[in-house]
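In order, the protein sequences belong to chains F and S.
The numbering of the first sequence is the numbering used here, which starts it at 1 and goes up by one.
The numbering of the second sequence is the numbering used here, which starts it at 1001 and goes up by one.
Glycine is no exception: its CB is placed at the ideal position from the N, C-alpha and C atoms.
None of the values given here were measured: they were computed from a predicted structure.
Notes follow the structure.
Number of protein chains: 2
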Amino acid sequence: MTLGFQSGPAPTSIEIADWIRERIRRGQLAPEQRLVEVDIIRKTGGSRLKVREAFQRLAAEGLLDIEPYKGASVRSTSLEEVRQIYRARAALEGVTAADFAISATDEQREKLQQIQAELELCVDNREPERFGRLNAEWHQLLVDGSGSKLIGELLQRLNVPIHRLLFDSFYDAERLRTANNDHRRILKAILHRDARAAEEAMRAHVQAGFKMLSEIETAYQI
Amino acid sequence: MTLGFQSGPAPTSIEIADWIRERIRRGQLAPEQRLVEVDIIRKTGGSRLKVREAFQRLAAEGLLDIEPYKGASVRSTSLEEVRQIYRARAALEGVTAADFAISATDEQREKLQQIQAELELCVDNREPERFGRLNAEWHQLLVDGSGSKLIGELLQRLNVPIHRLLFDSFYDAERLRTANNDHRRILKAILHRDARAAEEAMRAHVQAGFKMLSEIETAYQI
DNA sequence: ACAAGCTCGATTGTCAACAAAATCGTCAGT
DNA sequence: ACTGACGATTTTGTTGACAATCGAGCTTGT
């Protein structure tokens, strides 16, 4: 229970940072929650120095706040910030879709169709968790086929604070259906190698995602 | 000479990171160059711990490489990476221009015209340094008026590795003229509140910047 | 009951000494 | 000369102890 690692080699600051980031992504570390050094040390097996280095890295990523003599705490994201994240995502995922349409390999196109088919099943069978996983795979595949590792990393960063919200939204059946319609439209444009249409469709998809999210969020007062 | 700070309060890790980042931006710290802890300590007045924290932050930003028992060194950016930076910039600056066209205040529009006028003078009078500064101001103003602090920060990060290259390119008179033509076209779209046209023009502008850059770069074998 | 002040444990910040590794120069041996 | 091993120096990594600060709970006086 005490360790997320296999009690073997002492974890590096990067591994510790990954461990914390994953917890934040999953919502196991709530916004405003303080991260006590000793706790992290106990749970990861890292030294104090490494934990502090991990805090620095995560603070640089904008995931943590560090206050003098108060330590690190999970930074909360306002609705306005979520909006800005979605604006950036729309731009970056847009060009990703466009680039994929042009430069993806045939295998990647086929794989995309395959995932799409599985997504359809999830919608019919009401499997939100599976849909969430496949959806992440779908977006990741686009990044891989687009040929920009940098944009992939940027998107991954942008996704951390909204991952949980996104996942929750998949429990709404209507949302799943509209998301899937978007996917179909994007896929179609990609298969036609129509970069412009793919980009436009992807942007609309992301924007729609934010609209849906902001409605949920205001309902839940978060 | 020994300190970049006013010998008063001991600098924080963030201040030290800013100091190093600025040096990298200016090219005073070359790619692959090693950063020796003691040097930074001497030059900034920070403690060893703070310097190491600064290294962690910059490594998280992708600006430094840290190798065990070798310390930190400036990460070099390949031409392919520069391409990806420009692709991301095109996407983000594109939406920035579009958002500015819609939501900027009248003062901001006016200020943009003013800077534009000064830029024109620089082109005529062959003042590359001044052009560079004004150009940065111009882009910053767009970010401010677009209402996305997040995208502004992303762009700032993306700009660090290419800042020097960009600056160099302004010593080419022809480049200045074409860049200025782009600016005029973007400005015109913005004043017409035509977000779509502004975005398209901005994208073309950024892409053109990369094309120019890659020509120079291959010429100089960097 | 309540508020101000205080004390003490918990937590973070800092420093200096020490350990580990890499780097550089030196010096034989060919 | 060149090569390779050796050793001294430099540089980085790690640890532990100590200082500074915060915050919760207690005390005390009204």
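query = Any idea what DSSP makes of GLY71 of chain F, helix, strand or coil?
reply = Position 71 of the first sequence, counted from the first residue, corresponds to residue 71 of chain F. Residue state, collapsed to three classes: strand.
request  = Name the residue from F:GLN56, F:GLY62, F:GLY132 and F:VAL160 whose alpha carbon lies nearest to the alpha carbon of ARG175 of chain F.
outcome  = Counted from its first residue, the first sequence places residue 175 of chain F at position 175. Of the candidates F:GLN56, F:GLY62, F:GLY132 and F:VAL160, F:GLY132 places its Cα closest to the Cα of ARG175 of chain F.
task = State buried or exposed for SER1076 of chain S, treating a residue as buried only when at least 16 other CB atoms are found within 10 Å of its CB.
result = Residue numbering aside, residue 1076 of chain S sits at position 76 when the second sequence is read from its first letter. With fewer than 16 other CB atoms across the displayed protein chains lying within 10 angstroms of its CB, SER1076 of chain S is exposed.
query = For ASP144 of chain F, does the three-state DSSP call read helix, strand or coil?
reply = Position 144 of the first sequence, counting from 1, holds the residue named residue 144 of chain F. Of the three classes helix, strand and coil, the one that applies to ASP144 of chain F here is helix, per DSSP.
inquiry  = With a threshold of 7 Å between beta-carbons, can LEU227 of chain F be considered close to chain S, or not?
reply    = Outside the shown range of chain F (1 to 222) lies residue 227 of chain F, about which nothing can therefore be said.
query = Taking Cβ positions, are THR1096 of chain S and ILE1151 of chain S nearer each other than 7 Å?
reply = Position 96 of the second sequence, counted from the start, is the residue given in the question as residue 1096 of chain S. Position 151 of the second sequence, counted from the start, is the residue given in the question as residue 1151 of chain S. Yes. Within cutoff.
request  = Output yes if chain F places a C-beta closer than 7 Å to the C-beta of ASP1018 of chain S; else output no.
outcome  = In the second sequence, the residue the question calls residue 1018 of chain S occupies position 18. Not an interface residue.
ask   = How is the alpha helix (DSSP H) around ASP1172 of chain S delimited, first residue to last?
value = Locating residue 1172 of chain S in the second sequence gives position 172, where the first residue counts as 1. ASP1172 of chain S -> no alpha helix (DSSP H), and no H or E assigned at all.
request  = For ASN135 of chain F, count neighbouring C-beta atoms within 10 Å of its own C-beta (all shown protein chains included) and say buried if the count is 16 or more, exposed if not.
outcome  = As a position in the first sequence, residue 135 of chain F is number 135, starting the count at 1. Buried is the call here.
request  = Kindly list, in the order they appear in chain F, the residues whose Cβ is closer than 9 Å to that of VAL1051 of chain S.
outcome  = Here residue 1051 of chain S refers to the residue found at position 51 when the second sequence is read from its first residue. Residues of chain F passing the Cβ test: none, with the nearest at roughly 12 Å.
message = Let me make sure I understand the geometry here. Which of F:GLU93, F:VAL123 and F:LEU64 has the alpha-carbon closest to that of TYR171 of chain F?
response = As a working mapping, residue 171 of chain F is identified with position 171 in the first sequence. Looking at the Cα atoms, F:VAL123 is the closest of the given residues.
query = Just by C-beta distance, which residues in the region 1073-1105 of chain S are closer than 8 Å to chain F?
reply = Listed by position, the residues of the region 1073-1105 of chain S near chain F (Cβ gap below 8 Å) are GLU1081, GLN1084, ILE1085, ARG1087, ALA1088, ALA1090, ALA1091, LEU1092, GLY1094, VAL1095 and ASP1099.
inquiry  = Is there a C-beta anywhere in chain S that falls below 7 Å from the one on ARG157 of chain F?
reply    = In the first sequence, the residue the question calls residue 157 of chain F occupies position 157. Not one chain S Cβ lies under 7 Å of ARG157 of chain F.
ask   = Taking just the CA atoms, how far does SER1214 of chain S sit from VAL1038 of chain S?
value = Translated into the one-based positions of the second sequence, residue 1038 of chain S becomes position 38. Translated into the one-based positions of the second sequence, residue 1214 of chain S becomes position 214. Between VAL1038 of chain S and SER1214 of chain S, the C-alpha separation is close to 37 Å.
query = Any idea if VAL1074 of chain S is buried or exposed, counting beta-carbon neighbours within 10 angstroms, 16 or more meaning buried?
reply = Taking the first residue of the second sequence as 1, we reach residue 1074 of chain S at position 74. Counting Cβ neighbours within 10 Å, VAL1074 of chain S comes out buried, since at least 16 surround it.
query = Taking all protein chains shown into account, do 16 or more other C-beta atoms lie within 10 angstroms of the C-beta of GLU1120 of chain S, making it buried, or fewer, making it exposed?
reply = Position 120 of the second sequence, counted from the start, is the residue given in the question as residue 1120 of chain S. Per the 10 Å Cβ criterion, exposed.
request  = Give the DSSP-derived three-state secondary structure of ASP194 of chain F in the structure shown.
outcome  = Looking up residue 194 of chain F in the first sequence gives position 194. ASP194 of chain F falls in the coil class under three-state DSSP.
task = Give, in chain order, every residue of the region 19-49 of chain F whose Cβ lies closer than 7 Å to some Cβ of chain S.
result = none
message = Need the endpoints of the alpha helix (DSSP H) that SER103 of chain F sits in, please.
response = Indexing the first sequence from 1 puts residue 103 of chain F at position 103. Taken as a continuous stretch (DSSP letters only), the alpha helix (DSSP H) holding SER103 of chain F covers 79-103.
task = Look up ARG126 of chain F in the DSSP assignment and say whether it is helix, strand or coil.
result = Mapped onto the first sequence, residue 126 of chain F falls at position 126. Three-state DSSP puts ARG126 of chain F in coil, outside helix and strand.
task = Pull up the distance between the alpha-carbon of GLN1221 of chain S and that of SER1169 of chain S, whole angstroms please.
result = Sequence index remark: in the second sequence, residue 1221 of chain S carries index 221 (1-based). Sequence index remark: in the second sequence, residue 1169 of chain S carries index 169 (1-based). Because GLN1221 of chain S carries a pLDDT of 46, less than 50, the predicted location of this residue cannot be relied on, and the following value inherits that uncertainty. Approximately 15 Å between the Cα atoms of the pair.
key: Partners in chain F for ARG1057 of chain S, counting only beta-carbon separations shorter than 9 Å   = Within the second sequence, numbered from 1, the residue matching residue 1057 of chain S stands at position 57. Per Cβ cutoff of 9 Å: GLN56, ARG57, ALA59 and ALA60.
query = Hey, is LEU1228 of chain S's beta-carbon within less than 7 Å of any beta-carbon in chain F?
reply = The structure shown does not extend to residue 1228 of chain S, since chain S is modelled only from 1001 to 1222, so the question has no answer here.
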